[in-house]
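Scroll down for the structure; my scribbles are underneath it.
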Amino acid sequence: MHTETSQSFIMRFTKKDILKLEEHITKANKITVITHYNPDGDALGSSVALYHYLKTLNKDCLCLIPNPYPSNLEFVLEDTDFIIAEKSFKNAKQRLLQTDLLFLVDMNNNSRCGDNLEKVLNELSCTKILIDHHLKPDAFALNFSYPESSATCEVLYNILKRLTKRKVFSEKISKALYLGLITDTGSLSYSNDNPEIYSIISNLLKSGLKASKLHQKIFDTYSVSRLRLLGYAISHKMKVFSKERAAFISLSKEELKRYNYQTGDLEGVVNYSLKLAGVDFCALLSERDDKIRMSFRSKDPSIDVNLFARKFWNGGGHVMASGGKSYEKLSEVERKLTAQIKNKSFLNND
Ligand SMILES: [Mn+2]
């Protein structure tokens, strides 16, 4: 069937950009790959895939991860040199100061890797190259920024294809790219309209990776307390605003503690409210040591949660998935968000 508004989107790089990229890599000895705070599957997947590619060129390469990652994603870091900056900031800083070439993956500006690293990055004079799919990136020496793409791993796949003139990569690289693609699309349930991503997945499987095993490793790894926290959040903490077609879940520090909260336990919880037939906009609030973390989701591109997060909640991200933060009390954040839902601020039609 032919439609004029096809979702198909083919990523094109200019020959010049690829040549420049090659030149920067060839010139560099110490290469560091950095990604965003609270790294997810796409952040770790794109970091690790790029790391293994650079290793094939015999580069001194290291991944810099701002803070601890969810334990179910541990497997992807096997055979990878990395530093968790929050655990050894001195080493992280020293590495950055020695770096010739810095790749920023799955993040659109320096502030996304947290306050401490941001300060170091801002003063760093080495070449910086961005590979990302978030809206409104800052400008770097080279920007491979494609907000239309489903994952940074999709952008990276296409870059590696151009650099290597191959479509099938090693199992290590393929596993890492698979992780990013499958997590950023909710197992191909959203951001999944582009036929290109299915051909990429097909090529990743040709490396020999076992998709079903990998999928289990990524998704079927809940602890009892994590699953009970999800149950509690939905049964006791989900507020539904039928008239406004919105919902949100809010969890206090005390509640997270009660369910033995571990990093990553809230991953994906925000999406459950969107399963409701009459809900197009939803949010998740969670109280942390120093702030309230917020996630926003929408079912329809006409509800732009990137804009909403930017305008009201100190954040941003994608049109249908974004995040924000507040330094006010949880009850105050709940009150404000409720008011915004009641006056439909999330429709961005003012
Ligand atoms: Mn991503």
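Reading the sequence shown from the start, the letters are residues 7 to 356 in the working numbering.
Using N, Cα and C, we set each Cβ at its ideal position, and we do this for glycine too.
(request) State the CB to CB distance for the pair residue 109 and residue 39, rounded to an integer number of angstroms; the pair is presumed to be in contact (CB under 8 Å). (result) Yes, they are in contact, since the Cβ atoms of residue 109 and residue 39 sit about 5 Å apart, within 8 Å.
(message) Suppose you measure from the CA of residue 70 to the CA of residue 248; what does that come to, to the nearest Å?
(response) Each residue's Cα considered, the two are about 44 Å apart.
(message) On the CB-based measure, 16 or more other CB atoms within 10 Å of its CB, does residue 363 come out buried or exposed?
(response) Given a span of 7 to 356 for the chain in the structure shown, any question on residue 363 remains unanswerable.
(message) Whole angstroms are fine: how far does the CA of residue 275 sit from the CA of residue 326?
(response) Between residue 326 and residue 275, the alpha-carbon positions lie close to 15 Å from each other.
(request) Examine ligand 1 and report whether any of its heavy atoms sits within less than 6 Å of the Cβ of residue 327. (result) When distances are taken from the beta-carbon of residue 327 to the heavy atoms of ligand 1, even the shortest one reaches 6 Å or more.
(message) For a quick check, are the C-beta atoms of residue 336 and residue 258 less than 7 Å apart?
(response) Yes, the Cβ-Cβ distance between residue 336 and residue 258 is below 7 Å.
(request) Could you tell me whether any non-hydrogen atom of ligand 3 is closer than 6 Å to the CB of residue 158? (result) Ligands present in the displayed structure are limited to ligand 1, and ligand 3 is not among them.
(message) I'd like to check one pair, residue 138 with residue 112: are the Cβ atoms closer than 7 Å?
(response) Yes.
(request) Answer yes or no: the CB of residue 48 versus the heavy atoms of ligand 1, is any distance below 6 Å? (result) Yes; taking the cut-off as 6 Å, the Cβ of residue 48 has a heavy atom of ligand 1 nearer than that.
(request) Go through its chain and collect everything with a Cβ distance to residue 348's Cβ below 8 Å, but skip five positions before and after it. (result) 247, 250, listed in sequence order.
(message) For a test of your reading of the model: does the CB of residue 199 fall under 6 Å from any non-hydrogen atom of ligand 1? Yes or no.
(response) In this structure, ligand 1 has no non-hydrogen atom nearer than 6 Å to the beta-carbon of residue 199.
(request) Would you kindly work out how many angstroms separate the C-alpha atoms of residue 290 and residue 32, rounded to a whole number? (result) If I take the Cα positions, the gap works out to 44 Å.
(request) Classify residue 110 as helix, strand or coil using the three-state DSSP reduction. (result) Look at residue 110 here: in three-state DSSP terms it is strand.
(request) Taking only heavy atoms of ligand 1 into account, decide whether any of them is closer than 6 Å to the Cβ of residue 85. (result) Relative to the non-hydrogen atoms of ligand 1, the Cβ of residue 85 never comes closer than 6 Å to any of them.
(request) May I have a chain-ordered list of the alpha helix (DSSP H) segments no shorter than 4 residues that lie completely inside the stretch 231–290? (result) Those alpha helix (DSSP H) runs which fall completely within the stretch 231–290 and span 4+ residues are 259–264.
(message) In the DSSP assignment, the beta strand (DSSP E) including residue 144 goes from what residue to what residue?
(response) Where residue 144 is concerned, there is no enclosing beta strand (DSSP E), because DSSP gives it neither an H nor an E.
(request) Give every residue of the same chain whose Cβ lies closer than 8 Å to the Cβ of residue 12, excluding the five residues on either side of it in the sequence, and list them in chain order. (result) Note that residue 12 has pLDDT 41, beneath the 50 cutoff, so the model's placement of it is unreliable and the number below is only indicative. Apart from sequence neighbours up to five positions away, no residue of its chain approaches residue 12 with a beta-carbon distance below 8 Å.
(request) May I have the straight-line CA-CA distance separating residue 306 from residue 280, to the nearest angstrom? (result) Cα to Cα, the separation comes out at about 11 Å.
(message) Taking 7 Å as the threshold (C-beta atoms), are residue 318 and residue 311 in contact?
(response) Their beta carbons are not under 7 Å apart, which means residue 311 does not touch residue 318 by this criterion.
(message) For residue 210 and residue 216, what's the separation of their Cα atoms in angstroms?
(response) Each residue's alpha carbon lies about 10 Å from the other.
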